[in-house]
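I have placed the structure first, in the form of structure tokens, so that the comments after it can refer back to it.
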Amino acid sequence: MKKVSLLMLVAMFLFAGNLRAQDAEVLIEDNFEAYTVGNKIATEAIAAGNEWWTTWGQVPGGSEDGVVAEFDGTKCGHLTFGNDQVLKLGGTSSGVYDLEFDILIPNGKNGYFNILHEFNGTASTWALESHLHMSNASTSAPGSGAVQAGGQDATITCVYDEWMHFRLHVDTDADLAQYYYTLPGEEEEMVLEWQWSLDSQGNAASRKLDAMDFFPPLDAATSEYYLDNFTCTRIGGETASELVFNPEEINETIEEDDMSSVTISIENNGTSIGEYSAWVDYGVGEGGSNAENISYATDYVSNPSGLTWQSDVPVNFEVASLFPATAYGNSVMGTYITKAAYMFCDWVDQAGNPSPGLEPGTDVIFRIYGTGTNGKPGEILAEKTISASDIATSETELVYTIVEFDEPVALTGYDVYVAVEMTAATNGTVMTLDGGQAVVGFGDLYRQNKGAFLSITENAGGSNYGNWCLYMVCEGSPVVGGYATLDKTSGSLPIGGSDEVTVNLSSIGINEGVYEAAVKFVTNDPANPEVSIPLTLTVTGVSVEEVMGEAYNIFPNPTSGLVTIEAENINYIAIYNSVGQLVNVVKSENNTVDMSSYDNGVYYFNIVDNAGQNSLQRVVVAK
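So the mapping is simple: the working numbering equals the position in the sequence shown, first residue as 1, plus 3.
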């Protein structure tokens with residue numbers, strides 16, 4: 004039995020003939036031979052200086068800890084129902100790894116193992132799940148097994164009372180993973196290949212390789228197996244992205260009511276996937292005591308919606324609203340987030356009986372997150388914890404629970420998440436939305452297990468419940484912003500790859516003068532985790548509208564609804580609001596634009612013809 008893993012390792016190196024032997028490093032090697040039979044696995048490992056074994060509850064020596072056994076004259080790990088053995092893999096997001104091990108399942112029994120992107124108890128993120136002698140998480144299937152990773156499914160042929168060999172190949176640099184399986188006496192076969200940065204269900208996750216979990220899943224009568232010959236081998240040396248940005252600064256001059264663009268190129272000269280998130284940073288204002296509530300929920304919530312978790316145990320989850328710079332714009336750009344608020348309601352069922360709310364004794368945690376990637380938020384910028392018993396309630400009116408953060412958060416142009424984590428009691432109804440039209444993917448986000456945020460609208464069978472009754476309070480003196488926007492705010496570059504970010508500049512709605520900002524990048528390049536490209540926009544006093552204003556006749560102007568443009572060969576019309584934010588792009592066969600749904604105010608039509616020539620026209624909506 005011991006020879007299988009060694010032979011497979013040799014075969015792997017022969018197959019990868021372009022690699023130098025000294026580039027491979029065995030990080031973990033455990034055949035249990037140094038441990039005492041009958042003792043707990045994690046306890047024995049730690050005593051031997053091997054800190055990689057623990058349990059799901061991180062209590063070595065407890066009931067979840069398997070035991071060291073002797074089988075066929077060799078030592079191995081013995082796992083029975085109730086054991087939940089975790090192998091810590093370091094939490095790396097770079098490098099190429101092979102995870103190899105042997106499993107033997109006694110006749111009539113079953114087993115399970117997984118790979119974890121994130122190991123954090125119930126807040127863990129699963130990268131792969133493999134059921135042995137099972138067709139899914141709850142059904143026995145003697146002779147077969149089910150594999151799920153990256154939203155894909157596969158099956159394997161399982162045997163009893165013989166050692167089955169597994170090799171899991173994880174290339175975090177190329178964002179690729181493979182599941183290899185060897186039946187006794189047979190050749191190795193690749194069972195499944197998937198994108199590594201997805202969870203087992205196919206949702207966006209991370210490239211992190213954090214841990215493995217070995218778990219007999221069903222019951223004491225049927226769940227049991229043996230584990231041996233575990234190795235974790237890093238193939239190749241240290242890897243890292245190396246991102247190069249060009250230009251190093253941006254200086255652009257445009258006329259009033261005009262637009263321009265500048266391209267930032269990014270190259271990855273490193274040995275791992277490069278990742279970045281980006282925004283335009285406008286800085287903070289000086290002084291001022293203005294206060295604004297920023298929310299997707301209606302100002303007065305008259306008919307809120309309540310959602311219930313259908314669960315026989317308490318459910319921990321997080322709701323959030325995502326506010327990109329285009330959502331808060333000039334109204335609070337350069338101010339500070341000082342407070343956050345959420346509406347907790349007392350709900351009753353159809354019979355008028357009180358519905359369970361928050362789990363007693365739990366905490367409610369308000370958070371502000373920065374810019375993230377793949378639906379996951381960035382770093383925690385502020386956090387405030389209160390007891391579930393401290394939430395605000397009223398029998399006669401709808402009220403918000405408001406918390407004040409110890410340190411205000413400067414709101415300078417990045418995407419920001421406002422979130423609340425809570426624990427619902429069994430079948431608890433604590434998810435409160437405004438019952439209006441949801442801003443899908445922004446005002447209706449939720450998640451469990453610290454994974455990516457999902458839209459409650461898209462994941463509730465298409466039903467619309469509105470936006471979370473959730474807002475942030477911004478205080479201070481706003482600065483001029485919105486004159487620079489990015490065509491993308493995140494990206495991923497393969498090794499040797501490149502990318503471009505276009506900075507769109509607009510002087511619509513701002514006065515003549517010099518405006519200074521910076522294009523900020525947060526990257527996974529260890530040498531340059533944050534890159535700032537200074538941006539200077541100079542606006543001169545000559546207006547494009549004055550030069551080209553007679554090119555097209557637009558009527559009626561002001562308008563309360565439909566407007567007509569007298570022209571030929573119009574390709575499209577880009578509509579901007581008074582602060583230069585793009586709000587719509589219209590293609591019309593009859594040169595008409597319906598403005599009836601737009602709020603009163605000043606808008607700008609950038610009319611582009613089929614030859615690529617443009618004219619900027621001012622339109623006033625007055626109802």
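Each residue gets a CB set at the ideal place from its N, CA and C atoms; glycine is no exception.
Subject >> Run of the beta strand (DSSP E) containing GLU227, from where it starts to where it stops >> reply: 227-238
**OP:** Report the rounded CA-to-CA distance for ASN507 versus LEU473, giving the unit in angstroms.
**Re:** 31 Å
**OP:** Report the three-state DSSP secondary structure of TYR331 (helix, strand or coil).
**Re:** helix
**OP:** Go ahead and pull the three-state DSSP assignment for ALA323.
**Re:** strand
Original post:
Below 8 Å, can you find three or more Cβ-Cβ pairs linking the stretch 226-239 to the stretch 73-89?
Top reply: yes
Original post:
What is the C-beta distance between TYR229 and LEU107, in whole angstroms, given that I count them as a contact (C-beta under 8 Å)?
Top reply: 4 Å
Subject >> Minimum C-alpha distance to GLU258 - residue among VAL588, GLN620, VAL542 >> reply: VAL542
Original post:
If you draw a straight line from the C-alpha of GLN645 to the C-alpha of ALA50, how long is it?
Top reply: No answer is possible for residue 645: the residues shown for the chain start at 4 and end at 626.
Subject >> Rounded distance between the beta-carbons of SER133 and ASN117, thought under 8 Å >> reply: 7 Å
**OP:** Counting only the same chain and skipping the five closest in sequence on each side, list residues whose C-beta sits under 8 Å from that of GLY111.
**Re:** PRO145, TYR163, THR225
Subject >> Nearest-angstrom Cβ-Cβ length linking GLU196 and TYR184, presumed shorter than 8 Å >> reply: The pair is not a contact, with the Cβ atoms about 13 Å apart (cut-off 8 Å).
Original post:
Run through DSSP, which three-state label would GLU245 get?
Top reply: coil
Subject >> Close beta carbons around SER308, own chain, < 8 Å, minus the five adjacent residues each side >> reply: THR435, LEU436, ASP437, GLY438, TYR468, GLY469
Subject >> Nearest neighbour of VAL476, chosen from VAL442, GLY291, THR341 [CA to CA] >> reply: THR341
Original post:
When DSSP labels each residue in this structure, what does GLU386 get in the three-state scheme?
Top reply: strand
**OP:** Identify every residue that forms a DSSP beta bridge with MET598.
**Re:** None; MET598 has no bridge partner.
Original post:
Below 8 Å, can you find three or more Cβ-Cβ pairs linking the stretch 486-505 to the stretch 268-283?
Top reply: yes
Original post:
Taking C-alpha atoms, which residue in MET598, MET425, THR488 lies nearest to SER392?
Top reply: MET425
**OP:** Sort out for me which residues DSSP pairs GLN155 with in a bridge.
**Re:** ALA152
**OP:** Go ahead and pull the three-state DSSP assignment for ALA428.
**Re:** coil
**OP:** Would you check if the distance between the CB atom of TRP282 and the CB atom of LYS523 is smaller than 7 Å?
**Re:** yes
**OP:** Scan the stretch 428-491 and note each continuous beta strand (DSSP E) run of 3 residues or more that stays entirely inside, going in chain order.
**Re:** 432-436, 448-450, 473-479, 487-489
**OP:** Please classify THR415: does DSSP put it in a helix, a strand, or coil?
**Re:** coil
**OP:** Could you tell me whether the stretch 116-130 touches the stretch 247-258, where touching means 3 or more Cβ pairs closer than 8 Å?
**Re:** no
Original post:
With which residues is CYS161 paired in a DSSP beta bridge?
Top reply: CYS161 is not bridged to any residue.
Original post:
THR274 by DSSP, collapsed to three states: which one?
Top reply: coil
Subject >> GLU103 - containing beta strand (DSSP E), residue span >> reply: 99-107
Original post:
If we ignore side chains and look at the alpha-carbon of each, how far apart do ALA149 and TRP59 end up?
Top reply: 22 Å
Original post:
Hey, quick one: how far does the alpha helix (DSSP H) through ALA51 stretch, first residue to last?
Top reply: No alpha helix (DSSP H) holds ALA51; DSSP gives it neither H nor E.
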